[in-house]
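Structure first, commentary second.
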Amino acid sequence: MKIIDEVRDNVRFPKGEDGVKTLKRMNEVHNKSAIWAINRVNICENLDIEILDIGFGGGQNLLNLRDKFKNSKLYGIDYSPTSLDVAKETTKNLKNIYLKIGDVSKKIEFDENKFDIITAFETLYFWENLNVAFSEIKRVLKPDGVFLLHLEGTTKKTLDEWSNGVNLKNKLNENEIYELLKQNGFKKVEIYALDSSEIRTFIAKKQ
Ligand SMILES: C[S@@+](CC[C@H](N)C(=O)[O-])C[C@H]1O[C@@H](n2cnc3c(N)ncnc32)[C@H](O)[C@@H]1O
1 MKIIDEVRDN
11 VRFPKGEDGV
21 KTLKRMNEVH
31 NKSAIWAINR
41 VNICENLDIE
51 ILDIGFGGGQ
61 NLLNLRDKFK
71 NSKLYGIDYS
81 PTSLDVAKET
91 TKNLKNIYLK
101 IGDVSKKIEF
111 DENKFDIITA
121 FETLYFWENL
131 NVAFSEIKRV
141 LKPDGVFLLH
151 LEGTTKKTLD
161 EWSNGVNLKN
171 KLNENEIYEL
181 LKQNGFKKVE
191 IYALDSSEIR
201 TFIAKKQ
């Protein structure tokens with residue numbers, strides 16, 4: 001069933017008209033928990049910092065990040081050209097924002113030790129190569145920077161259910177994500193839980 005496969009693949013790789021609809025829907029449905037996640041970052045809000053959002057999708061989190069970090073420069077990568085178009089439209093009134101195509105499972109084109117904060121909301125499920133991705137994130141994160149990883153599905157049960165509708169590459173539970181971050185050299189990893197749900201924000205630091 002090619003058509004159904006294409007529709008369900010729009011969460012992983014938004015494409016065409018259905019991709020645009022999916023991105024606009026995700027801008028709304030992910031928003032509340034993403035704002036909560038951003039508020040777990042304990043960095044002074046007025047600093048002139050550089051932030052990278054990986055897998056920005058429809059771009060709502062770039063607005064949310066700028067709401068909190070008002071003097072930040074925002075960068076974003078996403079491997080979907082449709083995501084890039086929609087996010088550019090969403091953020092058209094923002095200054096100091098630089099969005100481009102990029103795949104975090106491959107080499108990403110930023111200098112090392114560039115970013116104060118790197119974020120990834122609802123996207124790790126799809127990354128083809130987690131070791132490359134984490135090593136690249138570590139490379140471009142400043143020594144005292146913060147990596148925020150936010151996921152709404154962190155149990156096998158939920159991820160198995162989602163697999164019926166969405167193509168997931170990584171179905172990791174909370175402990176597996178914690179271990180993976182540690183194995184990939186993030187020395188400090190804090191986990192925050194939203195209410196009694198399985199929504200988790202991981203705040204990982206290199207030192
Ligand atoms: C479920 S959407 C989440 C979008 C947004 N972060 C949010 O929370 O609403 C996943 C996004 O990650 C992007 N993505 C998936 N794998 C990626 C990769 N390896 N590198 C960059 N972007 C990726 C997809 O194109 C899509 O825009």
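Position 197 of the sequence shown, counted from 1, bears residue number 197 in our numbering, the numbering being contiguous throughout. Glycine is no exception: its CB is placed at the ideal position from the N, C-alpha and C atoms. Everything numeric in this text was worked out from a predicted model, so none of it was measured.
Relative to ligand 1, is the shortest distance from any of its heavy atoms to the C-beta of Tyr79 smaller than 7 Å? Residue mapping note: residue 79 aligns to position 79 of the sequence shown, counting from 1. Here the distance from the Cβ of Tyr79 to the nearest heavy atom of ligand 1 is below 7 Å.
Go through its chain and collect everything with a Cβ distance to Gly185's Cβ below 7 Å, but skip five positions before and after it. Numbered from 1 along the sequence shown, position 185 holds the residue referred to as residue 185. The residues Lys138, Lys206, in chain order, have a CB closer than 7 Å to that of Gly185 in the same chain once the five nearest residues on each side in sequence are set aside.
What's the call for Asn27, buried or exposed, on a 16-neighbour Cβ count within 10 Å? Stepping through the sequence shown from its first residue, residue 27 is reached at position 27. Around the C-beta of Asn27, 16 or more other C-beta atoms lie within 10 Å, and the residue is accordingly described as buried.
Distance check for Gly145 and Ile177, CA to CA, integer angstroms please. Working through the sequence shown from its first residue, we reach residue 177 at position 177. Working through the sequence shown from its first residue, we reach residue 145 at position 145. Taking the Cα positions, Ile177 is about 19 Å away from Gly145.
Using alpha carbons as the reference points, say which of Thr123, Ser135, Lys169, Asn129 lies closest to Glu112. Working through the sequence shown from its first residue, we reach residue 112 at position 112. It is Ser135.
Give me whichever residues DSSP pairs with Asp208 in a beta bridge. Outside the shown range of the chain, which is 1 to 207, sits residue 208, and nothing can be said about it.
Measuring alpha carbon to alpha carbon, tell me which residue in Lys156, Ser80, Ile203 is nearest Leu149. As a position in the sequence shown, residue 149 is number 149, starting the count at 1. Measuring from the Cα of Leu149, the nearest candidate turns out to be Ile203.
Contiguous alpha helix (DSSP H) assignments of at least 4 residues, all confined to the region 87-139: Counting whole runs of 4 or more residues, the region 87-139 contains no alpha helix (DSSP H) stretch at all.
Quick check: what's the CA-CA separation for Glu128 versus Leu181? Working through the sequence shown from its first residue, we reach residue 128 at position 128. Working through the sequence shown from its first residue, we reach residue 181 at position 181. Cα-Cα distance, rounded: 16 Å.
Cβ pair Ser33, Ile199 closer than 8 Å: Residue numbering aside, residue 33 sits at position 33 when the sequence shown is read from its first letter. Residue numbering aside, residue 199 sits at position 199 when the sequence shown is read from its first letter. Going by C-beta atoms, Ser33 is nearer than 8 Å to Ile199.
Closer than 6 Å by C-beta to Gly102: which residues in its own chain qualify, once you throw out the five before and the five after it? Chain order, please. Here residue 102 refers to the residue found at position 102 of the sequence shown. Hits under 6 Å: Ile77, Ile108.
Find out if the Cβ-Cβ distance for the pair Ile117, Val189 is shorter than 8 Å. In the sequence shown, residue 117 corresponds to position 117, counting from 1. In the sequence shown, residue 189 corresponds to position 189, counting from 1. No, the pair does not count as a contact, with Cβ atoms beyond the cut-off.
Just to confirm, are Leu62 and Ile38 a CB contact at a threshold of 8 Å? On the sequence shown, position 62 is the one that residue 62 refers to. On the sequence shown, position 38 is the one that residue 38 refers to. It is not a contact, given that the beta carbons lie outside the stated cut-off.
Please report the residue range of the alpha helix (DSSP H) in which Thr22 lies. Position 22 of the sequence shown holds residue 22. Segment 16-29, the alpha helix (DSSP H) holding Thr22.
Hey, out of Val140, Glu174, Glu161, whose CA is closest to Asp53's CA? For the purposes of this step, residue 53 is identified with residue 53 of the sequence shown, where counting begins at 1. Comparing Cα-Cα distances from Asp53 to each of Val140, Glu174, Glu161, the minimum goes to Val140.
If you follow the beta strand (DSSP E) that Lys190 is part of, which residue opens it and which one closes it? Here residue 190 corresponds to residue number 190 of the sequence shown, with the count starting at 1. Per the sequence shown, residue 190 should be read as Glu rather than Lys. Run containing Glu190: 188-193, per the beta strand (DSSP E) assignment.
Just checking my contact of Val166 with Arg25 at CB under 8 Å: how many whole Å lie between their CB atoms? Working through the sequence shown from its first residue, we reach residue 166 at position 166. Working through the sequence shown from its first residue, we reach residue 25 at position 25. With 8 Å as the limit, Val166 and Arg25 do not qualify as a contact, their Cβ atoms being about 13 Å apart.
Mapping DSSP to helix, strand and coil, what is Lys32? As a first step, residue 32 is located in the sequence shown; it is residue number 32 there, counting from the start. Lys32 falls in the helix class under three-state DSSP.
In whole angstroms, give me the CA-to-CA distance for Asn175 and Lys156. Within the sequence shown, residue 175 is the residue found at index 175, counting from 1. Within the sequence shown, residue 156 is the residue found at index 156, counting from 1. Each residue's Cα considered, the two are about 11 Å apart.
Helix, strand or coil at Arg12 [DSSP, three-state]: Numbered from 1 along the sequence shown, position 12 holds the residue referred to as residue 12. It is coil, neither helix nor strand.
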